[in-house]
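For the sequence shown, our numbering gives the first residue as 34, with consecutive numbering after it.
Here a beta-carbon is modelled for each residue, glycine too, at the ideal position from N, C-alpha and C.
The structure presented is a predicted model; accordingly, all values stated were derived computationally and were not measured.
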Amino acid sequence: MAQRIFLAGHRGMAGSAIARKLAARGAELITRTHGELDLTDQAAVRSFMQDARPDAVVLAAAKVGGIHANNAYPAEFIHENLVMECNVIHQAFVAGVRQLLFLGSSCIYPRMAQQPMREGALLTGVLEPTNEPYAIAKIAGIKLCESYNRQYGTDYRSVMPTNLYGPGDNFHPENSHVLPALMRRFHEAVQGGADEVAIWGSGTPRREFLHVDDMADAALFVMDLPQDRYAAQTEPMLSHINVGTGRDVTIAELAGIMAEVTGFAGQIVFDRTKPDGAPRKLLDVSRLSAMGWTASIALRDGVEQTYRWFLDNQAGLRAA
Numbered sequence: 034m035a036q037r038i039f040l041a042g043h044r045g046m047a048g049s050a051i052a053r054k055l056a057a058r059g060a061e062l063i064t065r066t067h068g069e070l071d072l073t074d075q076a077a078v079r080s081f082m083q084d085a086r087p088d089a090v091v092l093a094a095a096k097v098g099g100i101h102a103n104n105a106y107p108a109e110f111i112h113e114n115l116v117m118e119c120n121v122i123h124q125a126f127v128a129g130v131r132q133l134l135f136l137g138s139s140c141i142y143p144r145m146a147q148q149p150m151r152e153g154a155l156l157t158g159v160l161e162p163t164n165e166p167y168a169i170a171k172i173a174g175i176k177l178c179e180s181y182n183r184q185y186g187t188d189y190r191s192v193m194p195t196n197l198y199g200p201g202d203n204f205h206p207e208n209s210h211v212l213p214a215l216m217r218r219f220h221e222a223v224q225g226g227a228d229e230v231a232i233w234g235s236g237t238p239r240r241e242f243l244h245v246d247d248m249a250d251a252a253l254f255v256m257d258l259p260q261d262r263y264a265a266q267t268e269p270m271l272s273h274i275n276v277g278t279g280r281d282v283t284i285a286e287l288a289g290i291m292a293e294v295t296g297f298a299g300q301i302v303f304d305r306t307k308p309d310g311a312p313r314k315l316l317d318v319s320r321l322s323a324m325g326w327t328a329s330i331a332l333r334d335g336v337e338q339t340y341r342w343f344l345d346n347q348a349g350l351r352a353a
């Protein structure tokens, strides 16, 4: 019998990639849109879990955004993410769900964490101010999973992906993450015949980018690991797993790739009055590598694939 899995956030970029992977292997997917189930409504989540009784839960739902969105809506980012996590994780436990996978983010680590960032860097320093509320919520999600495991013997695991990109991304010019925002900006510059593209910050910060299909593959790999193999690479109170490529590029280098892929031949300028964010965010993926998984989609290949998806879906993105 196929495993019945409730996938929260199936319409988002990360969730839809996981949905594709689960469907391909014959899992019975249980999904609900926000209109059908508000994950911030405790009573609604309780009722749903009691009725659905899934075998496992994948919590990919979150309120997400780039530097601008995190700065503009800090209260919403911490409140909505905390409430969703508490509701889904607790009500999954109450309904008898023994297996759960929580998707976090690499922003959980301190702003000046030693690079590359190992899992053990968690809670060792001050967070990046521009996304601290979101990071606090994601740290709480990890600790929720660990706490239920310690007290009740559940098998709730957490993966911390680096910056994701790919089909289904948010291409809003202000509220999106850096890669899709740059893709849209360079595309519109080409379409409009612009001779210059301005980019926030100095261009020197380094970022790691993971294609969402690689992330989905890694997330399910971690979820499927036998408990003894998972336990051998983790600790009860340090159980999350970094998911990334182990390689990073500067924002300036990313802009160069974007210009090549979109066909932009003008000048790239950097607006140093805008914030850079953390100087570097590279994950140490040795724990995941020791478990037997490595990324397979190169950045240039992934950007080209994502741009083709963007071109094919422009009509739906125009209003975004």
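Where does residue i land, buried or exposed, given buried means 16+ other C-beta within 10 angstroms?
| i | result |
| --- | --- |
| M291 | buried |
| R240 | buried |
| V130 | buried |
| Y185 | exposed |
| A105 | exposed |
| R341 | exposed |
| N275 | buried |
| R86 | exposed |
| E118 | buried |
| T339 | buried |
| H67 | exposed |
| M216 | buried |
| S191 | buried |
| A353 | Reliability of the predicted coordinates at A353 is poor, the pLDDT of 49 falling under 50, and no value is obtained from them. |
| A298 | exposed |
Whole-angstrom Cβ separation of residue i and residue j, contact assumed at under 8 Å?
| i | j | result |
| --- | --- | --- |
| A94 | L197 | Between L197 and A94 the Cβ distance is about 14 Å, and since that is not below 8 Å, they are no contact. |
| L321 | A251 | 7 Å |
| R37 | E69 | The pair is not a contact, with the Cβ atoms about 17 Å apart (cut-off 8 Å). |
| Y167 | A154 | That pair is no contact at about 17 Å. |
| H43 | A57 | With 8 Å as the limit, H43 and A57 do not qualify as a contact, their Cβ atoms being about 14 Å apart. |
| G201 | G335 | Not a contact, Cβ separation roughly 13 Å. |
| I330 | D261 | Actually they are not in contact, since the Cβ atoms of I330 and D261 sit about 30 Å apart, beyond 8 Å. |
Is residue i helix, strand or coil by DSSP?
| i | result |
| --- | --- |
| T143 | Before going further, note that residue 143 is Pro rather than Thr in the sequence given. P143 falls in the coil class under three-state DSSP. |
| I290 | helix |
| Q132 | strand |
| A95 | coil |
| H244 | strand |
| T283 | strand |
| A353 | For A353, the pLDDT reaches just 49, beneath the cut-off of 50, and the residue's location in the model is therefore unreliable, leaving the point undetermined. |
| R239 | strand |
| K171 | helix |
| E268 | strand |
| I330 | coil |
| I116 | The sequence shown places Val at residue 116, rather than the Ile named in the question. In this structure, V116 counts as helix in the three-state DSSP scheme. |
| V336 | helix |
| V276 | strand |
| E10 | One cannot answer for residue 10 here, as it falls past the ends of the chain, which runs 34 to 353. |
| R53 | helix |
| V127 | helix |
Based on DSSP bridge pairs, tell me the residues matched to residue i.
| i | result |
| --- | --- |
| I63 | F39 |
| D188 | Q132 |
| V90 | F39 and L133 |
| M150 | L316 |
Taking 8 Å as the threshold (beta carbon to beta carbon), is residue i in contact with chain B?
| i | result |
| --- | --- |
| V127 | Here there is only one protein chain, and chain B is not present. |
Margin query: My parser needs the alpha helix (DSSP H) runs of 4 or more residues fully inside the stretch 294 to 325; what are they?
Written below: Secondary structure remark: continuous alpha helix (DSSP H) runs of at least 4 residues inside the stretch 294 to 325, in chain order: 319 to 324.
Exercise. If you scan the stretch 176 to 236 from start to end, which runs of the alpha helix (DSSP H) of 4 or more residues do you find wholly inside it?
Worked result: Within the stretch 176 to 236, the complete alpha helix (DSSP H) runs of at least 4 residues fall at 211 to 225.
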